Amino acid sequence: MVYILPPAAKPDTLKAFITANLDSESLQHFKQTFAKAAYLSFAPLLHLKIIQAPASISQRHTHSFIRSLEDVAGNTDPFIIIDKNFANKGAVWYIDQFADESDVECGFAVSEKVVMKALVLVEYLAMGHVCWREGNPPMGEDLEALEQEGLLPLREESVQEEPLGQDADGDLLEAFRELQVIAESEEFETTTEKKVLENMGLEDGEETIRLRADVAKRENLTSVWTHGESVEEYEMEDGGTKNFPKGSVCLQVRYDPQVPRLQYEWPEGSL
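The number in our numbering is simply the position in the sequence shown, starting from 1, with 611 added.
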């Protein structure tokens, strides 16, 4: 039986404050756009707890002020601000921590009193968070790539004109939707067919692998040619080891998008 490996890191849950007048239709549009990009029905990259901003938070307040309020309340995670930019540009604010010494040294912020933030397309939000959480790349580098005059180093009054994500790497976006599975020898097939190898950029004589069609269908997964790696044991999250028969391989697949999934449950308390 195909074993689906758990994600390398559990998806974070971030608060998303609505500070604009968002009707029910616009809210559903936001949720649907985010859900598709964050792969919520399959293997979520990020969860959002969407809430109406409390009276202490409004569009009149600076992002640094709101960041300070959240810090005092014990929430040091990044958070999202859904304001008029969603209606105007399909984008939201991703508010991270206050700049640190490295951000200042790299020219991303003018001082450590400035909050690191970015206007981000909703479609890019989940992937952006995963990348910035790992520092690969840092948010500042993505902002730098906009090449907007005067944007960096960030200041309290800085105005980002265009959202991040408009030139997102399509291949990278797709890669975030892949998951790893371990299949036993009778559950996959291999080929050295020249045309297949050429399509994958491989040399003659190399071998590529995919799940057998019947196995993929049984597991609600896709069956496409990919790379595989021999594996006989896997270290579990609890420190234990799961053993596999000789000849087993680890390969990348995706959930079959044509197969209906259980309806995604938004975090408790989310709109």
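Ideal Cβ positions, reconstructed from N, Cα and C, are used throughout, including at glycine.
Values in this document were obtained by computation on a predicted structure and should not be read as measured data.
Do you know offhand how far residue i's Cα is from residue j's?
i      : j      : result
ILE668 : ALA794 : 50 Å
VAL864 : PHE641 : 28 Å
LEU873 : ARG766 : 44 Å
TYR705 : ILE691 : 5 Å
VAL792 : CYS742 : 23 Å
LEU808 : LYS647 : 31 Å
GLU800 : GLN663 : 51 Å
ILE629 : ILE693 : 5 Å
PRO856 : GLU789 : 24 Å
MET738 : GLY880 : 24 Å
MET612 : ASP867 : 17 Å
THR624 : HIS740 : 11 Å
LYS621 : GLU745 : 13 Å
ALA824 : SER859 : 17 Å
In terms of residues, what are the limits of the beta strand (DSSP E) holding residue i?
i      : result
LEU657 : 657–663
SER667 : Segment: none, SER667 is in no beta strand (DSSP E) and carries neither H nor E.
LYS626 : 623–629
THR802 : 799–802
Pick out whichever of the options has its Cα sitting closest to the Cα of residue i.
i      : options                           : result
PHE709 : ASP688, VAL733, GLU844 and ARG671 : ASP688
VAL835 : LEU790, HIS658 and LEU822         : LEU822
LEU832 : SER635, PHE676, VAL715 and GLN869 : GLN869
ALA666 : LEU656, LEU657 and ILE677         : ILE677
THR819 : ASN810, GLU760, VAL725 and MET738 : ASN810
LYS828 : ALA756, SER796, GLU745 and PRO871 : PRO871
LYS728 : ASP753, GLU712 and ASN747         : ASP753
GLU804 : GLU797, SER796 and ASP815         : ASP815
GLU712 : VAL726, LYS700, VAL703 and ALA702 : VAL726
THR644 : GLY812, ASN747, LEU730 and ALA702 : ALA702
Taking the continuous alpha helix (DSSP H) assigned at residue i, which residues delimit it?
i      : result
SER679 : 674–683
ALA794 : Not the alpha helix (DSSP H): ALA794 falls in the beta strand (DSSP E), residues 790–794.
ASP815 : Taken as a continuous stretch (DSSP letters only), ASP815 belongs to no alpha helix (DSSP H), as it is neither H nor E.
PHE641 : 635–648
Self-check item: Every unbroken beta strand (DSSP E) inside the stretch 694–757 [3 residues or more]
Solution: 702–709 and 726–732
Quiz prompt | Stretch-stretch touch, CB-based, cutoff 8 Å, three pairs: the stretch 717–724 with the stretch 732–743 | solution = no
Self-check item: Contact between the stretch 669–683 and the stretch 769–779 (3+ Cβ pairs under 8 Å)
Solution: no
Practice problem: Say whether the stretch 612–626 touches the stretch 835–855, bearing in mind that this needs 3 or more beta-carbon pairs closer than 8 Å, one atom from each stretch. | Solution: yes
Quiz item: Hey, which unbroken runs of the alpha helix (DSSP H) at 4 residues or more fall wholly within the stretch 810–871?
Solution: 824–830
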